[in-house]
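Here is the structure we will look at.
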Amino acid sequence: MSRVQSNGIEIEYEEFGDPQAPVILLIMGLGMQLVAWPRPFCEMLAAAGFRVIRFDNRDVGLSSKIEGRRTPSMLRLIMSMLLGRKLRRPPYTLDDMAADTVGLLAALGIERAHIVGASMGGMIAQTIAARYPLRVLSLTSIMSTSGDREESAMELRNLRKIFLRPRPPSDATRDEVVEYMATTHALIGSAEHLREVSHLRDMLNQSFERGYYPAGFMRQVAAIVAHGSRRALLRQIRTPTLVIHGKRDILVPPRGGLDTAAHILGARMELIDDMGHDLPPGLWGQLSTLISQHCRQAAAAPQAQLGDL
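The opening residue of the sequence shown carries number 0 in numbering that gives the first Met the number 0; numbering runs sequentially from there.
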(Lines of atoms letter the chains of each structure in order from A and count residues from 1; the text may use other names and numbers.)
(Lines give C-alpha, C1' and ligand atoms only; values in the text may rest on other atoms or scores of the structure.)
Protein backbone atom coordinates (compact mmCIF):
# COMPACT_ATOMS: atom_id res chain seq x y z
CA MET A 1 0.00 0.00 0.00
CA SER A 2 1.03 3.61 -0.56
CA ARG A 3 0.10 7.12 0.49
CA VAL A 4 -0.21 10.44 -1.37
CA GLN A 5 -0.99 14.06 -0.53
CA SER A 6 -4.45 15.08 -1.67
CA ASN A 7 -6.55 18.15 -0.89
CA GLY A 8 -4.32 19.02 2.06
CA ILE A 9 -4.46 15.57 3.68
CA GLU A 10 -2.87 12.13 3.24
CA ILE A 11 -4.74 9.33 1.48
CA GLU A 12 -3.78 5.66 1.78
CA TYR A 13 -4.44 3.55 -1.32
CA GLU A 14 -3.74 0.19 -2.95
CA GLU A 15 -3.68 -0.90 -6.61
CA PHE A 16 -4.41 -4.09 -8.56
CA GLY A 17 -3.87 -4.95 -12.22
CA ASP A 18 -1.98 -3.50 -15.15
CA PRO A 19 -0.77 0.08 -14.43
CA GLN A 20 -1.45 0.95 -18.09
CA ALA A 21 -5.06 -0.31 -18.09
CA PRO A 22 -8.15 1.91 -17.76
CA VAL A 23 -8.71 2.86 -14.12
CA ILE A 24 -11.59 1.81 -11.89
CA LEU A 25 -11.53 3.86 -8.70
CA LEU A 26 -13.46 2.31 -5.80
CA ILE A 27 -14.91 4.61 -3.10
CA MET A 28 -16.03 2.90 0.10
CA GLY A 29 -18.90 3.83 2.40
CA LEU A 30 -19.55 5.12 5.88
CA GLY A 31 -16.84 4.26 8.40
CA MET A 32 -15.46 1.48 6.21
CA GLN A 33 -11.85 1.07 5.14
CA LEU A 34 -10.40 0.13 1.77
CA VAL A 35 -10.32 -3.54 2.85
CA ALA A 36 -14.14 -3.51 2.71
CA TRP A 37 -13.66 -3.74 -1.06
CA PRO A 38 -12.81 -7.46 -0.98
CA ARG A 39 -9.44 -8.36 -2.47
CA PRO A 40 -10.92 -11.20 -4.62
CA PHE A 41 -13.51 -8.75 -5.97
CA CYS A 42 -10.76 -6.24 -6.86
CA GLU A 43 -8.80 -9.02 -8.53
CA MET A 44 -11.85 -9.97 -10.62
CA LEU A 45 -12.07 -6.41 -11.93
CA ALA A 46 -8.32 -6.39 -12.61
CA ALA A 47 -8.60 -9.70 -14.49
CA ALA A 48 -11.31 -8.09 -16.63
CA GLY A 49 -8.68 -5.63 -17.89
CA PHE A 50 -8.68 -2.74 -15.45
CA ARG A 51 -6.27 -0.97 -13.12
CA VAL A 52 -8.20 -1.06 -9.85
CA ILE A 53 -7.58 1.40 -7.02
CA ARG A 54 -9.14 1.23 -3.57
CA PHE A 55 -8.40 3.75 -0.81
CA ASP A 56 -9.20 4.90 2.70
CA ASN A 57 -11.45 7.96 2.84
CA ARG A 58 -10.46 10.72 5.24
CA ASP A 59 -11.12 9.80 8.88
CA VAL A 60 -10.81 6.01 8.42
CA GLY A 61 -8.03 3.47 8.21
CA LEU A 62 -4.60 4.88 7.45
CA SER A 63 -5.68 8.15 5.83
CA SER A 64 -5.61 11.47 7.70
CA LYS A 65 -7.87 12.00 10.69
CA ILE A 66 -9.73 15.31 10.77
CA GLU A 67 -9.49 16.08 14.46
CA GLY A 68 -10.18 19.22 16.43
CA ARG A 69 -13.60 19.91 14.96
CA ARG A 70 -16.86 19.71 16.88
CA THR A 71 -18.96 16.71 15.94
CA PRO A 72 -22.75 16.59 16.51
CA SER A 73 -24.17 13.79 18.66
CA MET A 74 -25.79 10.79 17.01
CA LEU A 75 -29.17 11.83 18.43
CA ARG A 76 -28.87 15.29 16.84
CA LEU A 77 -27.85 13.75 13.53
CA ILE A 78 -30.80 11.37 13.58
CA MET A 79 -33.23 14.18 14.42
CA SER A 80 -31.82 16.23 11.55
CA MET A 81 -32.42 13.30 9.20
CA LEU A 82 -35.95 12.66 10.44
CA LEU A 83 -37.03 16.31 10.44
CA GLY A 84 -35.20 17.29 7.25
CA ARG A 85 -33.26 20.05 8.98
CA LYS A 86 -30.06 21.28 7.37
CA LEU A 87 -27.04 20.53 9.52
CA ARG A 88 -24.95 23.67 9.81
CA ARG A 89 -21.17 23.78 10.05
CA PRO A 90 -20.34 20.06 9.80
CA PRO A 91 -16.69 19.11 10.37
CA TYR A 92 -16.48 18.65 6.58
CA THR A 93 -18.75 17.84 3.65
CA LEU A 94 -19.17 15.25 0.92
CA ASP A 95 -17.81 17.91 -1.44
CA ASP A 96 -14.58 17.87 0.59
CA MET A 97 -14.46 14.09 0.27
CA ALA A 98 -15.09 14.34 -3.47
CA ALA A 99 -12.15 16.77 -3.70
CA ASP A 100 -10.02 14.27 -1.75
CA THR A 101 -10.85 11.62 -4.34
CA VAL A 102 -10.15 13.82 -7.35
CA GLY A 103 -6.91 14.88 -5.66
CA LEU A 104 -5.92 11.23 -5.38
CA LEU A 105 -6.38 10.81 -9.13
CA ALA A 106 -4.32 13.94 -9.76
CA ALA A 107 -1.53 12.76 -7.44
CA LEU A 108 -1.37 9.47 -9.35
CA GLY A 109 -1.32 11.22 -12.72
CA ILE A 110 -4.69 9.79 -13.75
CA GLU A 111 -6.69 12.09 -16.02
CA ARG A 112 -9.96 10.14 -16.10
CA ALA A 113 -11.36 7.07 -14.36
CA HIS A 114 -14.39 4.88 -14.02
CA ILE A 115 -15.79 5.88 -10.61
CA VAL A 116 -17.51 3.23 -8.48
CA GLY A 117 -18.95 4.09 -5.07
CA ALA A 118 -20.78 2.05 -2.45
CA SER A 119 -23.25 3.59 0.03
CA MET A 120 -21.67 6.89 1.18
CA GLY A 121 -19.05 6.20 -1.48
CA GLY A 122 -21.88 6.29 -4.03
CA MET A 123 -22.83 9.74 -2.77
CA ILE A 124 -19.24 10.89 -3.20
CA ALA A 125 -19.07 9.29 -6.66
CA GLN A 126 -22.28 11.06 -7.72
CA THR A 127 -20.83 14.37 -6.52
CA ILE A 128 -17.64 13.81 -8.52
CA ALA A 129 -19.60 12.96 -11.68
CA ALA A 130 -21.58 16.19 -11.34
CA ARG A 131 -18.82 18.56 -10.25
CA TYR A 132 -15.81 17.07 -12.08
CA PRO A 133 -17.33 15.58 -15.28
CA LEU A 134 -14.09 15.65 -17.26
CA ARG A 135 -12.51 13.34 -14.67
CA VAL A 136 -15.15 10.64 -15.04
CA LEU A 137 -15.41 7.96 -17.73
CA SER A 138 -18.39 6.27 -16.10
CA LEU A 139 -20.28 6.23 -12.82
CA THR A 140 -21.47 3.22 -10.86
CA SER A 141 -23.52 3.98 -7.74
CA ILE A 142 -24.05 0.94 -5.50
CA MET A 143 -26.57 0.73 -2.60
CA SER A 144 -26.64 4.52 -2.43
CA THR A 145 -29.24 7.25 -2.60
CA SER A 146 -30.17 10.65 -4.02
CA GLY A 147 -30.18 12.12 -0.50
CA ASP A 148 -33.87 12.93 -0.73
CA ARG A 149 -35.23 12.55 2.79
CA GLU A 150 -38.45 10.74 1.93
CA GLU A 151 -36.96 8.38 -0.66
CA SER A 152 -33.87 7.65 1.46
CA ALA A 153 -35.51 7.15 4.84
CA MET A 154 -35.32 3.75 6.46
CA GLU A 155 -38.12 2.48 8.65
CA LEU A 156 -37.99 3.93 12.16
CA ARG A 157 -37.73 0.50 13.76
CA ASN A 158 -34.66 -0.28 11.63
CA LEU A 159 -33.13 3.11 12.38
CA ARG A 160 -33.42 2.45 16.12
CA LYS A 161 -32.12 -1.09 15.73
CA ILE A 162 -29.04 -0.03 13.77
CA PHE A 163 -28.05 3.45 14.98
CA LEU A 164 -29.38 3.64 18.54
CA ARG A 165 -28.03 0.35 19.86
CA PRO A 166 -25.22 0.81 22.42
CA ARG A 167 -21.84 1.21 20.72
CA PRO A 168 -18.67 -0.37 22.12
CA PRO A 169 -16.95 1.72 24.83
CA SER A 170 -13.81 3.69 24.00
CA ASP A 171 -11.64 1.01 25.62
CA ALA A 172 -13.37 -1.90 23.88
CA THR A 173 -11.25 -4.88 22.91
CA ARG A 174 -10.85 -6.05 19.33
CA ASP A 175 -13.18 -8.99 19.97
CA GLU A 176 -15.89 -6.69 21.36
CA VAL A 177 -15.65 -4.33 18.39
CA VAL A 178 -15.63 -7.15 15.84
CA GLU A 179 -18.65 -8.77 17.48
CA TYR A 180 -20.56 -5.47 17.42
CA MET A 181 -19.74 -4.87 13.77
CA ALA A 182 -20.51 -8.46 12.77
CA THR A 183 -23.93 -8.14 14.44
CA THR A 184 -24.56 -4.89 12.55
CA HIS A 185 -23.61 -6.51 9.24
CA ALA A 186 -25.96 -9.40 9.98
CA LEU A 187 -28.80 -6.91 10.46
CA ILE A 188 -28.23 -5.02 7.22
CA GLY A 189 -26.55 -7.63 5.04
CA SER A 190 -27.56 -9.89 2.20
CA ALA A 191 -29.36 -13.21 2.51
CA GLU A 192 -27.42 -15.80 4.47
CA HIS A 193 -26.71 -18.04 1.47
CA LEU A 194 -24.70 -15.19 -0.13
CA ARG A 195 -22.63 -14.37 2.94
CA GLU A 196 -19.55 -16.00 4.41
CA VAL A 197 -18.92 -15.44 8.13
CA SER A 198 -15.18 -16.13 7.97
CA HIS A 199 -14.68 -13.53 5.22
CA LEU A 200 -16.62 -10.89 7.15
CA ARG A 201 -14.77 -11.48 10.41
CA ASP A 202 -11.41 -11.48 8.65
CA MET A 203 -12.24 -8.09 7.14
CA LEU A 204 -13.43 -6.70 10.48
CA ASN A 205 -10.35 -7.95 12.31
CA GLN A 206 -8.11 -6.44 9.65
CA SER A 207 -9.99 -3.14 9.90
CA PHE A 208 -9.52 -3.04 13.66
CA GLU A 209 -5.79 -3.69 13.35
CA ARG A 210 -5.37 -1.06 10.62
CA GLY A 211 -7.12 1.64 12.61
CA TYR A 212 -10.37 1.47 14.60
CA TYR A 213 -11.52 5.08 14.80
CA PRO A 214 -15.18 5.64 15.78
CA ALA A 215 -14.80 9.45 15.87
CA GLY A 216 -14.30 9.42 12.11
CA PHE A 217 -17.55 7.49 11.67
CA MET A 218 -19.50 10.27 13.40
CA ARG A 219 -17.91 13.00 11.31
CA GLN A 220 -18.73 11.10 8.13
CA VAL A 221 -22.37 10.76 9.25
CA ALA A 222 -22.42 14.54 9.74
CA ALA A 223 -21.10 15.03 6.20
CA ILE A 224 -23.92 12.87 4.80
CA VAL A 225 -26.64 14.66 6.79
CA ALA A 226 -25.28 18.10 5.88
CA HIS A 227 -25.33 17.34 2.16
CA GLY A 228 -29.08 16.86 1.96
CA SER A 229 -30.78 16.08 -1.35
CA ARG A 230 -28.61 15.68 -4.44
CA ARG A 231 -31.50 15.52 -6.91
CA ALA A 232 -30.55 18.83 -8.58
CA LEU A 233 -26.91 17.73 -8.71
CA LEU A 234 -27.85 14.36 -10.20
CA ARG A 235 -29.73 16.06 -13.03
CA GLN A 236 -26.42 17.65 -14.11
CA ILE A 237 -24.73 14.28 -14.69
CA ARG A 238 -24.16 13.26 -18.31
CA THR A 239 -21.73 10.45 -17.56
CA PRO A 240 -22.87 6.90 -18.45
CA THR A 241 -24.33 5.67 -15.17
CA LEU A 242 -25.15 2.30 -13.65
CA VAL A 243 -27.14 2.15 -10.40
CA ILE A 244 -27.01 -1.13 -8.45
CA HIS A 245 -29.18 -1.84 -5.43
CA GLY A 246 -30.22 -4.81 -3.35
CA LYS A 247 -33.89 -5.61 -2.94
CA ARG A 248 -33.16 -6.70 0.64
CA ASP A 249 -31.40 -3.46 1.72
CA ILE A 250 -32.92 -2.03 4.92
CA LEU A 251 -30.21 0.58 5.59
CA VAL A 252 -30.77 2.33 2.25
CA PRO A 253 -34.09 0.97 0.95
CA PRO A 254 -34.29 0.19 -2.79
CA ARG A 255 -36.37 3.29 -3.46
CA GLY A 256 -33.20 5.30 -2.70
CA GLY A 257 -31.45 3.64 -5.64
CA LEU A 258 -34.51 3.98 -7.85
CA ASP A 259 -34.71 7.69 -7.05
CA THR A 260 -31.01 8.08 -7.87
CA ALA A 261 -31.47 6.47 -11.29
CA ALA A 262 -34.63 8.48 -11.97
CA HIS A 263 -32.71 11.77 -11.67
CA ILE A 264 -29.67 10.85 -13.81
CA LEU A 265 -30.24 11.10 -17.54
CA GLY A 266 -30.02 7.66 -19.16
CA ALA A 267 -29.04 5.82 -15.97
CA ARG A 268 -29.47 2.04 -15.99
CA MET A 269 -30.93 0.40 -12.88
CA GLU A 270 -30.05 -3.09 -11.64
CA LEU A 271 -32.01 -4.47 -8.68
CA ILE A 272 -30.50 -7.64 -7.23
CA ASP A 273 -32.51 -10.30 -5.40
CA ASP A 274 -31.34 -11.18 -1.86
CA MET A 275 -28.69 -8.41 -1.82
CA GLY A 276 -28.62 -6.26 1.30
CA HIS A 277 -26.28 -3.45 2.29
CA ASP A 278 -23.00 -5.28 1.73
CA LEU A 279 -20.75 -6.91 -0.87
CA PRO A 280 -21.06 -10.62 -0.02
CA PRO A 281 -18.91 -13.34 -1.63
CA GLY A 282 -21.95 -14.83 -3.35
CA LEU A 283 -22.35 -11.68 -5.45
CA TRP A 284 -18.72 -10.84 -6.31
CA GLY A 285 -18.93 -12.48 -9.73
CA GLN A 286 -22.23 -10.84 -10.67
CA LEU A 287 -21.20 -7.39 -9.42
CA SER A 288 -17.77 -7.45 -11.06
CA THR A 289 -19.36 -8.48 -14.37
CA LEU A 290 -21.97 -5.72 -14.21
CA ILE A 291 -19.33 -3.09 -13.43
CA SER A 292 -16.74 -4.22 -15.96
CA GLN A 293 -19.33 -4.47 -18.75
CA HIS A 294 -20.66 -1.01 -17.91
CA CYS A 295 -17.15 0.45 -17.96
CA ARG A 296 -16.36 -1.11 -21.33
CA GLN A 297 -19.64 0.13 -22.83
CA ALA A 298 -19.00 3.65 -21.52
CA ALA A 299 -15.48 3.67 -22.93
CA ALA A 300 -16.77 2.64 -26.35
CA ALA A 301 -18.48 6.02 -26.87
CA PRO A 302 -16.29 8.66 -25.15
CA GLN A 303 -16.93 11.33 -27.78
CA ALA A 304 -20.67 11.19 -27.21
CA GLN A 305 -20.08 11.67 -23.50
CA LEU A 306 -17.81 14.68 -24.01
CA GLY A 307 -20.23 16.20 -26.48
CA ASP A 308 -22.97 16.31 -23.87
CA LEU A 309 -20.92 18.27 -21.32
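Cβ atoms here follow ideal geometry from the backbone N, Cα and C, with glycine treated the same way.
Within 8 Å, strictly: CB atoms of residue 129 and residue 28
no
From the DSSP output, in three-state form, read off residue 131 for me.
coil
Nearest-angstrom Cα separation, counted from residue 111 out to residue 122:
19 Å
Simplified DSSP state of residue 123, which is helix, strand or coil:
helix
Just tell me which of 52, 264, 225 has its CA closest to the CA of residue 25.
52
Considering only DSSP beta bridges, list what residue 245 is partnered with.
271
Does the Cβ of residue 86 have 16 or more other Cβ atoms within 10 Å, making it buried, or fewer, making it exposed?
buried
Assuming residue 259 contacts residue 143 (C-beta within less than 8 Å), just tell me the rounded distance between them.
6 Å
Distance, Cα to Cα, residue 17 vs residue 42?
11 Å
Beta-carbon proximity list for residue 198, same chain, < 6 Å, skipping 5 on both sides
280
Figure out for me which residue from 246, 266, 38, 265 has the closest Cα to the Cα of residue 273.
246
Between which two residues does the alpha helix (DSSP H) harbouring residue 254 extend?
253 to 261
Among the residues of its own chain, which have a CB less than 6 Å from the CB of residue 21, if the five just before and after it don't count?
49
Grab me the residues of residue 244's own chain with a C-beta within less than 6 Å of its C-beta, minus the 5 sequence neighbours each way, in chain order.
142, 253, 256, 270
Between which two residues does the alpha helix (DSSP H) containing residue 88 stretch?
No alpha helix (DSSP H) holds residue 88; DSSP gives it neither H nor E.
Return helix, strand or coil for residue 138, following the three-state DSSP convention.
strand
Output the residue ranges of the beta strand (DSSP E) runs that lie fully inside the region 23 to 78 and measure 3 residues or longer, sorted by chain position.
50 to 54
Minimum C-alpha distance to residue 183 - residue among 172, 296, 64, 165
165
Could you check if residue 226 is buried or exposed, using at least 16 other CB atoms within 10 Å of its CB as the buried criterion?
buried
Does the Cβ-Cβ distance between residue 30 and residue 219 come in under 8 Å?
yes
Suppose you measure from the CA of residue 9 to the CA of residue 287; what does that come to, to the nearest Å?
28 Å
As assigned by DSSP and simplified to three states, the class of residue 20:
coil
Excluding the five sequence neighbours on either side, which residues of its own chain have a C-beta within less than 6 Å of the C-beta of residue 235, listed in chain order?
129
Residues bridged to residue 12 [DSSP beta-bridge criterion]:
1, 54
Helix, strand or coil: which one does DSSP assign to residue 240?
strand
Let me make sure I understand the geometry here. Which of 277, 207, 60, 228 has the alpha-carbon closest to that of residue 175?
207
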